[in-house]
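Novice: Please find one structure pasted underneath; my questions will follow.
Next up, the structure:
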């Protein structure tokens, strides 16, 4: 199948479902924000990644909603310039999914999902106690990719403080994936665990490839 986007009669929603079927697995930004009025918000986004280590920068993209309006997460970041990203795991997956509900503005997803907000160090947005990793971020910039429903609003965040539960660390001081038990987003309603792994050693010498 070849789809020319300039000629196809498929809607952007049809194509979105296709994209999610092959752009996977996707890490999940469980984004905690706070509005200018002090209301807290928590929501998951699977268009997410770390795009720079020095300086440390993460991105995620809360698309405009069905009406073409910004979601609460984006609204809050525009107002305050800060956010926290928590890590979604097998242990908090159900609660994470509960926070994807489109509650009215001002309703706390923390309370609705039975989660515990904790104070951060450098931002007003709250940490998620039930997540083993939380990163505090200051907004670097927001890049708007359009103004219609589904258009991505790419948030770049400078990482300021990283919180890691010592219980997920291995003897080498690094995160043990078997203890973290991170999950990823697939297509439709599917998620994936990160238990079935294999190792490939990067080979810098071209003469040694495939050995």
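Numbering (the numbering used here), first residue to last: 54 to 264.
Ideal Cβ positions, reconstructed from N, Cα and C, are used throughout, including at glycine.
Fair warning: this is a prediction, and the values are worked out from it, not measured in the lab.
For residue 166, which option in 176, 131, 155 has the closest C-alpha, if you only look at C-alpha atoms?
Specialist: As a working mapping, residue 166 is identified with position 113 in the chain shown. With distances taken between Cα atoms, residue 166 lies closest to 155.
Novice: Can you tell me the Cα-Cα spacing of residue 239 and residue 84, whole angstroms?
Specialist: Residue mapping note: residue 239 aligns to position 186 of the chain shown, counting from 1. Residue mapping note: residue 84 aligns to position 31 of the chain shown, counting from 1. Distance between the alpha carbons of residue 239 and residue 84 is about 18 Å.
Novice: Going by DSSP, what residues sit across from residue 83 in a beta bridge?
Specialist: In the chain shown, counting from the first residue as 1, residue 83 sits at position 30. Beta-bridge partners of residue 83 (DSSP): 97, 139.
Novice: Do you know whose CA, among 213, 135, 236, lies nearest residue 107's CA?
Specialist: Taking the first residue of the chain shown as 1, we reach residue 107 at position 54. Ranking the options by Cα distance to residue 107, first place goes to 213.
Novice: Taking the alpha helix (DSSP H) that residue 130 falls in, what are its first and last residues?
Specialist: Start at 1 with the first residue of the chain shown, and residue 130 comes out as number 77. That run of the alpha helix (DSSP H) goes 125–133.
Novice: Using the Cα positions of residue 235 and residue 160, report the straight-line distance between them to the nearest angstrom.
Specialist: The count along the chain shown starts at 1 and reaches residue 235 at position 182. The count along the chain shown starts at 1 and reaches residue 160 at position 107. Rounded to whole angstroms, residue 235 to residue 160 spans 27 Å at the Cα level.
Novice: Which partner residues of residue 187 appear in the DSSP bridge assignment?
Specialist: Residue 187 sits at position 134 when you count from the first residue of the chain shown. 139, 216.
Novice: Count the CB pairs spanning the segment 122–134 and the segment 182–197 that are closer than 8 Å, and state whether there are at least three.
Specialist: yes
Novice: Can you check which of these residues, 169, 233, 70, is closest to residue 243 by C-alpha distance?
Specialist: Here residue 243 is taken as the residue at index 190 of the chain shown, counted from 1. Selected option, being the one with the closest Cα: 70.
Novice: In the DSSP output, which residue or residues are listed as bridge partners for residue 68?
Specialist: Taking the first residue of the chain shown as 1, we reach residue 68 at position 15. Bridge partners of residue 68: none, in fact.
Novice: With a threshold of 8 Å, are at least 3 pairs of Cβ atoms found where one atom belongs to the segment 248–258 and the other to the segment 96–113?
Specialist: no
Novice: Between residue 187 and residue 139, which are expected to be in contact by the criterion C-beta below 8 Å, what is the C-beta distance as a whole number of angstroms?
Specialist: Within the chain shown, the letter at position 134 stands for residue 187. Within the chain shown, the letter at position 86 stands for residue 139. Correct: roughly 5 Å between the Cβ atoms.
Novice: From the DSSP output, in three-state form, read off residue 237 for me.
Specialist: Mapped onto the chain shown, residue 237 falls at position 184. If DSSP states are grouped into helix, strand and coil, residue 237 belongs with the strands.
Novice: Quickly, what does DSSP pair residue 245 with across the bridge? List them, please.
Specialist: As a first step, residue 245 must be located in the chain shown, where it is residue number 192. DSSP, once it has assigned bridges, lists 237 as partnering residue 245.
Novice: Between residue 66 and the rest of its own chain, which residues show a CB-CB distance below 8 Å, the 5 nearest in sequence each way excluded?
Specialist: Residue 66 sits at position 13 when you count from the first residue of the chain shown. Contacts found: 203.
Novice: With distances taken Cα to Cα, identify the nearest neighbour of residue 127 among 175, 216, 206.
Specialist: Within the chain shown, residue 127 is the residue found at index 74, counting from 1. Cα-wise, what sits closest to residue 127 is 206.
Novice: Helix, strand or coil: how does DSSP classify residue 106 here?
Specialist: In the chain shown, the residue the question calls residue 106 occupies position 53. Three-state result, residue 106: strand.
Novice: Determine the DSSP secondary structure at residue 225, reduced to helix, strand or coil.
Specialist: Residue numbering aside, residue 225 sits at position 172 when the chain shown is read from its first letter. If DSSP states are grouped into helix, strand and coil, residue 225 belongs with coil.
Novice: Please name the residue, chosen from 211, 199, 145, that lies closest to residue 175 on a Cα-to-Cα basis.
Specialist: As a first step, residue 175 must be located in the chain shown, where it is residue number 122. The shortest C-alpha separation from residue 175 is found at 211.
Novice: Which same chain residues, not among the five before or five after residue 109, have their C-beta less than 8 Å away from its C-beta?
Specialist: If you number the chain shown from 1, residue 109 lands on position 56. Only 103, 211, 212 meet the Cβ criterion.
Novice: Please state if the CB of residue 80 and the CB of residue 226 are separated by a distance shorter than 8 Å.
Specialist: Numbered from its first residue, the chain shown carries residue 226 at position 173. Numbered from its first residue, the chain shown carries residue 80 at position 27. No, the Cβ-Cβ distance between residue 226 and residue 80 is not below 8 Å.
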